[in-house]
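In my numbering, the protein residues as written are 5 to 193.
Using N, Cα and C, we set each Cβ at its ideal position, and we do this for glycine too.
Predicted, not measured: the structure shown is a model, and the values here were computed from it.
Only one structure is covered here, and it is reproduced in the block below.
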Amino acid sequence: MQTRRTILAAGLCVALPGAASARATLGEDGLYKLDWYLESFLELADDLAAATAAGKRFAILWGLKGCPACRRMHEVHLADPATERYIRENFEILHLNILGQRPVTDFDGSKPGEKAFAARYAIEGTPSIQFFPETAEGLGARAPAAREVARMPGLPDPREFLAWFRFVREKGYERGAFADWPGKKPAGG
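Structure below.
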């Protein structure tokens, strides 16, 4: 005979694994990590090609140890199951440290450290997310700022945060700026 306690315990066993997968942990470098963030050799052209081959878009998330907005993004925005699922299913996210020193192979073949790479792209705060096109073809010849299709500077409210990812996935940038994109507003709003 099933009791309420048995049913509740069974429900928790099913619900908890999904909740645990979305929980951010603090890494040794002080950055928040999610188990689905891209593990990379930091070769951007290869990372972009792999994301595209998997049917996903490539983005770089910039963080910083002790950043309160980065913490909020991981504890609120990315803790929302629908938001986390949409991003995980549609994007490869490479998380870099704005003050880090790991060498990053840029699209032009240069290998600056994370901090110099951030400066080269004029990343001025955290969190910031750079979104890139579906192919690296011709990116190395462009100026760094012209390599992105969109950039989310700072941390908007949770609804607009998700809208940025939808904007890139749906190629809204081909029709104009994010500020003018009709899909930015919720249905009926």
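Beyond the five residues adjoining it in sequence on each side, cysteine 71 comes within less than 6 Å, by CB distance, of Thr130 in the same chain, given in chain order. With contacts defined by Cβ atoms closer than 8 Å, phenylalanine 95 and phenylalanine 169 form a contacting pair. Nearest Cα to serine 114 within the set Ala86, Phe135, Gly104, Gly144: Gly144.
Three or more pairs of CB atoms, one per stretch, sit closer than 8 Å, so the region 136 to 150 contacts the region 45 to 62. For glutamate 118, the number of other beta carbons within 10 angstroms of its own is at least 16, and it is reported as buried.
In the structure shown, lysine 37 falls within a strand segment according to DSSP collapsed to helix, strand and coil. Out of Ala120, Asn101, Asp110, Tyr41, the CA that lies nearest to the CA of arginine 89 is found in Tyr41.
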